[in-house]
Amino acid sequence: MNAVLKIFLSMSVSGSLLILVLLLGKRLLKDKISRQWQYYIWLVVIFRLLLPFGPEVSLLGRTYQAVEQVLTRTSPFPADAFVSEAEERRGEQAVPRTSSFPGQQWDPDAQGGNLTSAAGTHSEKADSPAQDLPPAAPFQDMGALLAEYIWLIWLAAVLGMLIRKVTMYQSFVRYIHAGLDPVSDIEILDRLSCAAERAGVKKPVELCVNPLISSPLLLGFFRPCIVLPRADIPEKDFQYIVLHELTHYRRRDLFYKWLVQVTVCLHWFNPLVYHKFTKHP
0 MNAVLKIFLS
10 MSVSGSLLIL
20 VLLLGKRLLK
30 DKISRQWQYY
40 IWLVVIFRLL
50 LPFGPEVSLL
60 GRTYQAVEQV
70 LTRTSPFPAD
80 AFVSEAEERR
90 GEQAVPRTSS
100 FPGQQWDPDA
110 QGGNLTSAAG
120 THSEKADSPA
130 QDLPPAAPFQ
140 DMGALLAEYI
150 WLIWLAAVLG
160 MLIRKVTMYQ
170 SFVRYIHAGL
180 DPVSDIEILD
190 RLSCAAERAG
200 VKKPVELCVN
210 PLISSPLLLG
220 FFRPCIVLPR
230 ADIPEKDFQY
240 IVLHELTHYR
250 RRDLFYKWLV
260 QVTVCLHWFN
270 PLVYHKFTKH
280 P
């Protein structure tokens with residue numbers, strides 16, 4: 000099994016244990032931890048799933064060694080090993096009589112006590128244990144081949160999921176930009192500036208309208224843009240919506256969400272990771 004895949008398996012198992020601990024702690028301390036901490040405490044799990052820091056898990060190391068030993072024991076032995084063992088046992092049991100003729104030995108079982116060739120007799124007796132061996136199981140060879148190249152399956156799935164997510168996001172951004180209309184009303188832009196001051200955002204933020212969307216959203220990693228479904232929003236609702244989206248930008252939630260997506264792609268084989276970060280982000 001590839002060493003990189005072993006590292007990711009170790010990270011995935013330890014990350015799963017952290018997920019279970021945090022889920023249990025969330026139920027016990029639900030009213031004592033703020034919603035913001037409940038959201039960002041999962042960064043600890045994400046870092047554990049992405050960064051191979053800390054000591055190596057001894058339990059997984061022992062598991063890998065046990066699997067490799069089982070594969071080694073179940074793999075078919077070469078016929079030469081059985082032949083050599085048969086020769087050693089035969090040599091320990093009895094010492095053959097030799098005749099005066101070189102290359103020949105006395106065969107007492109032969110009719111008339113004939114002399115037989117030592118090489119021929121030795122070859123026939125040595126080949127008999129090898130002929131009794133069962134044929135190599137094809138499933139063992141397939142299992143060894145799969146264990147050797149399983150990291151290619153994992154890597155292909157990771158790349159496929161990443162490409163799919165990036166492609167879908169790019170298509171969504173193009174769809175939003177197609178119907179985007181920048182807001183030029185001075186009064187609305189002044190409201191946006193006041194809300195940015197309250198949120199602690201010093202970088203300029205664009206404000207646009209797109210009637211194709213049903214709810215406000217934030218676009219852009221480095222050039223933030225708040226997109227509204229319409230411009231004629233009441234003052235109270237406008238302040239609430241804009242402050243909410245500016246808070247997302249200030250806390251770099253777009254980077255957090257993409258970090259989660261990368262984690263899910265790398266650990267696609269772990270149902271606990273997939274369920275937690277896709278069903279309950």
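The letter at position 79 of the sequence shown is residue 78 when you use numbering that gives the first Met the number 0, and the numbering goes up by one with no holes. The beta carbon of each residue, even a glycine, is placed where N, CA and C say it ideally should be. The structure presented is a predicted model; accordingly, all values stated were derived computationally and were not measured.
A direct Cα-to-Cα measurement between residue 158 and residue 164 gives close to 10 Å. The beta carbon of residue 220 sits closer than 6 Å to the beta carbons of 253 from its chain, once the five residues preceding and following it are set aside; these are given in chain order. Distance from the CA atom of residue 12 to the CA atom of residue 266, rounded to whole angstroms, is 10 Å.
Comparing C-alpha distances from residue 198 to each of 184, 226, 244 and 178 shows the shortest one belongs to 244.
Here the C-alpha atom of residue 177 lies approximately 32 Å from the C-alpha atom of residue 156. The segment 7 to 22 makes contact with the segment 254 to 274, as at least three CB pairs between them are under 8 Å.
Looking only at 38, 7, 276 and 187, the smallest Cα-Cα distance to residue 241 is reached by 187. Rounded to the nearest angstrom, the gap between the Cα atoms of residue 5 and residue 185 is 58 Å.
Take the alpha-carbon of residue 217 and the one of residue 248: they are about 8 Å apart. Around the CB of residue 223, 16 or more other CB atoms lie within 10 Å, so the residue is classed as buried.
Residue pairing of residue 227 in beta bridges, as defined by DSSP: 208. Looking at the backbone, the Cα of residue 32 and that of residue 147 are separated by about 46 Å.
Rounded to whole angstroms, the Cβ separation of residue 263 and residue 246 is 24 Å, and the two are not in contact under 8 Å. Of the other Cβ atoms in all chains shown, 16 or more fall within 10 Å of the Cβ of residue 41; this residue is therefore buried. Distances from the CA of residue 257 to each of 236, 162, 214 and 181 were compared; the closest alpha carbon is that of 162. The alpha carbon of residue 20 has as its nearest neighbour, out of 44, 38, 39 and 210, the alpha carbon of 44. Judged by DSSP secondary structure, residue 258 falls within the alpha helix (DSSP H) whose first and last residues are 252 to 265. 191 is the residue among 210, 259, 191 and 255 whose C-alpha sits nearest the C-alpha of residue 235. The straight-line gap separating the alpha-carbon atoms of residue 229 and residue 171 is approximately 19 Å.
DSSP links residue 181 through a beta bridge to 207. Residues 240 of the same chain have their beta carbon placed closer than 8 Å to that of residue 232, with the five preceding and five following residues left out of the count.
In the structure shown, residue 161 adopts helical secondary structure according to DSSP, grouped into three states. Just so you know, the alpha carbons of residue 250 and residue 37 end up roughly 14 Å apart. A direct Cα-Cα distance of roughly 12 Å separates residue 227 from residue 238.
Counting only the Cα atoms, residue 153 lies some 24 Å from residue 255.
Here residue 28 carries a coil assignment [DSSP, helix/strand/coil]. Here residue 4 carries a helix assignment [DSSP, helix/strand/coil]. Setting aside the 5 residues that flank it on each side, residue 200 is surrounded in the same chain by 245, 248 and 249, each with a C-beta closer than 7 Å to its C-beta; the list follows chain order. If you look at residue 50, you'll find it isn't in any beta strand (DSSP E); DSSP assigns it neither H nor E.
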